[in-house]
Amino acid sequence: MKKFWLLGMVGALVLISGCSDKYTPSTNATPESIFKEACVKCHSPVNGKVMALSPEMANTAAIIERIKNGKGFGMPAFPNLTGGTAEGLAQYILDNSATK
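In terms of my numbering, the sequence shown has 80 at position 24, counting the first letter as 1, and numbering is strictly consecutive.
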């Protein structure tokens with residue numbers, strides 16, 4: 057039983073390490089390219105939608121807040137995504153997401 061628990065923890069760490077908070081976009085990056093480079097490792101599109109947003113998250117201000125500050129261990133903060141870059145990414149996510 058301990059082996060399965062340890063294996064599960066190692067797997068979780070590998071998954072979490074795939075989501076990087078050190079990402080810095082290139083100067084000519086588009087919101088779509090930023091999403092593909094920084095987000096798709098953890099947020100794979102389903103049925104043509106990049107995410108399924110809760111009603112509370114279905115606005116640019118909430119998405120920007122989550123990008124900047126992350127959430128717990130599952131969503132890292134991306135402090136290098138600021139200003140117009142964060143706004144553009146948030147709008148891309150909102151425009152290409154479903155609402156739960």
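Using N, Cα and C, we set each Cβ at its ideal position, and we do this for glycine too.
Over what stretch of residues does the alpha helix (DSSP H) that includes L150 continue unbroken?
-> 139–151
Backbone secondary structure at K105 - three-state DSSP | strand
Endpoints, the alpha helix (DSSP H) within which T156 is located = For clarity, residue 156 is Lys in the given sequence; the question names Thr instead. From DSSP, K156 is part of no alpha helix (DSSP H); its letter is neither H nor E.
Taking all protein chains shown into account, do 16 or more other C-beta atoms lie within 10 angstroms of the C-beta of F91, making it buried, or fewer, making it exposed?
-> buried
Whether I120 touches A142 by CB criterion (9 angstroms) | yes
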